[in-house]
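These protein sequence lines map, in sequence, to chains D and G.
Quick note: the first sequence, position 265, residue 265 per this note's numbering, numbers continuous.
In this note's numbering, each residue carries its 1-based index in the second sequence increased by 1000.
All C-beta atoms in this analysis are idealised placements derived from N, C-alpha and C, irrespective of residue type, glycine included.
Scroll down for the structure; my scribbles are underneath it.
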Amino acid sequence: MAGSGTAHLRGHDDVVLRVENLVMEFPAGRHQVVHAVSDVSFDIRRGETLGIVGESGCGKSTTARAIVQLPPPTSGRVVLDPGTDQEAELTTLEGEGLRQVRPRLQMIFQDPISSLNPRRRVRDIVGEGLHIWAEGLDDEQIRARVDEVLEAVGIDPTVAANRRPHEFSGGQCQRISIARAVVLEPEILICDEPVSALDVSVQAQILNLLEEMKSRYGLTLVFIGHDLSVVRNVSDRVIVMYLGKVCEVGGADTLYSVPAHPYTRVLLASAPEPASTVDGSEAAIGDEIPSPMDPPSGCRFRTRCIRADDRCTAEEPVLRTLDDDHFVACHYPTAAGPSGA
Amino acid sequence: MAGTLLTVQDLSVGFLTEQGLVRAVDGVSFDLEPGQTLGVVGESGSGKSVTAKALMNLLPSYAQVGGTVDFDGRDVFAMGANREKHFWGVEMTMVFQDPMTSLNPVKKVGEQIAESLRVHLGRSRGDALAEAGDLLEQVGIPEPAKRLTQYPHELSGGLRQRVVIAMALACGPRLLIADEPTTALDVTVQKHILDLLDDLRRTRNMAMILITHDLGVVKGRADEVMVMYAGHTMEEAPTATLFAEMRHPYTEALLETIPRIDTPSHTRLVPIPGRPPEVIDVLDGCPFAPRCRYSIARCLTNQPDLTSHGTGHLCACHAPVGTPSGTEARAANESTGTTATGLDMDQFTRNVPVADLGQSGEEG
């Protein structure tokens, strides 16, 4: 499976973020290396929501963090606004140059309570970015702006602004995190499992809120999740990752209705209510994900794949075009039939 | 094997806190037959885990437990932990959510499984270890002999949960309580564990209580489903009936608020405004009323009782979904634009930010 390759990149056409050949490796002692993300490329158009889905250990969160250079990737390029006069290559910037670009990218995290400083008041948490960046604004204007954003995320500023995070529920804390992220009007909002820690009845509120923030502030979203249904709901385009590689990329509805990669099909068949486009028996797969310290040769999914043969061991499949905006990194994808490429 | 194995009647659990008595479980009743699966669905704070812990005698001593639990003719709450030490862990066992914290990190897997065989069934060390190996094989662990000598940290999350299941099965339980057994696991592993539990239940004719927050997990796996909210049973029905003709607005809202894998992207989700309540002191009305599209004046003052809506179908609601009173209540709320609890009906259809602070912010 999977994939390197750049067949799915879309040139400069209104692309707001392009990630090329991203590699993230961590030393694991004794000269071993964890291959967390290996040669991943993708791009995002302005106003689009890109979903990244995969199981734990697939490198989806590491990818998100590498985009914002926390920490910077081992190699590869992350380019903001490529081909415009705002172009910034984050991977070559450091120090003040990187700091200047940071407000254009914001992030929200899985655990809403631990991502807010428990000792600060909501008004200070949300307003901090403005105090640093909005040089033209006086305190009164910052106050008004914080109130406006809090109201936009459904938190009443008159009641909430002077409280501290522990006084709020998980869903409310996630709203405050979203307010903090959008107050600087970033171009890109990276959401790392933003609803995974929430009750199901609160999840829809936050998902709807993200959609609303997207249209209101003209955001582009990167949405990382492990719940296939949630990712489909919010995304325009979806990337399926496995063990640090890209398996399949496509328009959300295309990918879910004609899944081509065997791993995508396994995921869809494993959902508590399996997708109608796959057979429930396709979920048969070994339990064990290989170690990212010693990933399999060739296709990284081959050790768990029902279609794997010698070719998958010897040759790593690259992402190739399957259909209009549908790309797969597999020698034997479903749509092409078992005869393969 | 006819007849009921477990009868729970009017179970209630309260915790005295500084803010008052928290009624974690309030008047829950159900029956379970051998070989049957009961799915218990609810969000955090709904009382589903507390119910399980009450059955397992795992609640702290300050918990105020009421009601009766009958297990095959024996009164569970009258049992003493010492006298009946061969009941919990033998006839009734439990699997928890997080497989890492349910295993002892400094003890080999084999010894942990063998321990209950030695304590409860009096097996010798050698016999118990051999049986532990068999159990690991039954729960689908490859190379069981090797795994017996490994420590939990050497196993993946899925394998650990299989070990926990093997421990629970060791003494041949007649009832297995699985409390969110797959919530901490990846989706591909989740399916395997759920299938495994289902197979074991069938081959051993064991009863099972499957606790989850995900309606999708119980669909197709449980014989009966009980939907809990704020310590109360909202609805209980045979699984097929529940999904075909749900009566409780909370069940309906749960199903509508969860994205479906087969619906196109950007399909708007119907939110449930507000958040689950903490139930302190006695409620006057229905606990779900503040978040409910169907609420009428009576919901604020009278707590609805469970009433029958067909064979084995119980629902606690004054205006049940799909009945004349429910349809009328919702139509009335839609025409006035607000519910009896002052909920703006617009937010169910439009993208209006939901200020959930009013309900929860003041209680501190």
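- Neighbours of D:H226 in chain G, taken as residues at a C-beta separation under 9 Å, are given in chain order as D1186, V1187.
- Each residue's CA atom was taken as its position, placing D:I113 and D:F327 some 38 Å apart.
- Shown here for D:S61: same chain residues with a beta carbon closer than 8 Å to its own, the five before and five after excluded, namely D192, E193, I224 in chain order.
- Along the stretch 1252 to 1278 of chain G, going in chain order, the ones with a CB nearer than 9 Å to a CB of chain D are A1253, L1254, E1256, T1257, I1258, P1259, R1260, I1261, D1262, T1263, P1264, S1265, H1266, T1267, R1268, L1269, V1270, P1271, I1272, P1273, G1274, R1275, P1276.
- Closest option to D:V101, judged by alpha-carbon separation, among D:Y263, D:T277, D:V258, D:L184: D:L184.
- At least 8 Å separates the CB of D:I188 from every CB of chain G.
- Taking a beta-carbon distance threshold of 8 Å, G:D1223 does not count as an interface residue toward chain D.
- Of all residues in the stretch 195 to 212 of chain D, the ones placed with a Cβ closer than 8 Å to any Cβ belonging to chain G are D199, V200, S201, V202, Q203, A204, Q205, L207, N208, L209, E211, E212, in chain order.
- With contacts defined as CB atoms closer than 8 Å, G:A1237 and G:P1287 fail to qualify as a contacting pair.
- The three-state secondary structure of G:S1029, taken from DSSP, is strand.
- If you draw a 10 Å sphere on the C-beta of D:V195, you find 16 or more other C-beta atoms in it, and that means buried.
- With contact defined as three or more Cβ pairs closer than 8 Å, the stretch 90 to 98 of chain D and the stretch 73 to 82 of chain D are in contact.
- Straight across, the Cα-Cα distance linking D:R304 with D:P296 is about 11 Å.
- With 16 or more neighbouring CB atoms inside 10 Å of its own CB, G:E1252 falls in the buried class.
- Between the stretch 52 to 61 of chain D and the stretch 1186 to 1198 of chain G there are three or more C-beta pairs closer than 8 Å, enough to call the two in contact.
- Contact annotation: the stretch 211 to 220 of chain D does not touch the stretch 243 to 259 of chain D, with fewer than three C-beta pairs closer than 8 Å.
- Per DSSP, the unbroken alpha helix (DSSP H) holding G:K1053 starts and ends at 1048 to 1055.
- The DSSP assignment places 188 to 192, 220 to 225, 237 to 242, 245 to 251 as complete runs of the beta strand (DSSP E) inside the stretch 187 to 257 of chain D, in order along the chain (cut-off: 3 residues).
- Within the model, the alpha-carbon separation for D:L207 versus G:L1196 is close to 33 Å.
- Closest option to G:E1256, judged by alpha-carbon separation, among G:P1324, G:G1158, G:F1348, G:L1005: G:F1348.
- Within the DSSP bridge table, the entry for G:W1088 names G:M1092 as partners.
- In the DSSP assignment, G:M1345 forms no beta bridge with any residue.
- Annotation: the continuous alpha helix (DSSP H) that includes G:R1204 extends over 1187 to 1204.
- At a C-beta separation below 9 Å, D:E55 has these neighbours in chain G: D1186, V1187, T1188, V1189.
- Counting only the Cα atoms, G:S1029 lies some 22 Å from G:F1096.
- Among the CB atoms of chain G, none fall inside 8 Å of the CB of D:E316.
- Secondary structure in the stretch 1262 to 1344 of chain G: the alpha helix (DSSP H) runs of 4 residues or longer, each lying completely within the stretch, are 1297 to 1301, 1324 to 1336 in chain order.
- Taking 4 residues as the shortest admissible run, the stretch 292 to 330 of chain D contains the following complete alpha helix (DSSP H) segments, listed from N- to C-terminal end: 310 to 314.
- Look at D:Q106 here: in three-state DSSP terms it is strand.
- Boundaries of the beta strand (DSSP E) around G:G1067: 1064 to 1071.
- For D:S235, the nearest CB of chain G lies under 8 Å from its own CB, placing it at the interface with that chain.
- In this structure, G:G1039 lies near G:A1222, with their beta-carbon atoms less than 8 Å apart.
- The three-state reading of DSSP puts D:I142 in helix, counting H, G and I together.
- Sorting G:D1214, G:L1175, G:V1217, G:G1322 by C-alpha distance to the C-alpha of G:H1248 places G:G1322 at the top.
- Within the DSSP secondary-structure output, G:F1015 pairs in a beta bridge with G:V1022.
- Nearest C-alpha to G:L1269 among D:C312, D:A134, D:E212, D:R119: D:E212.
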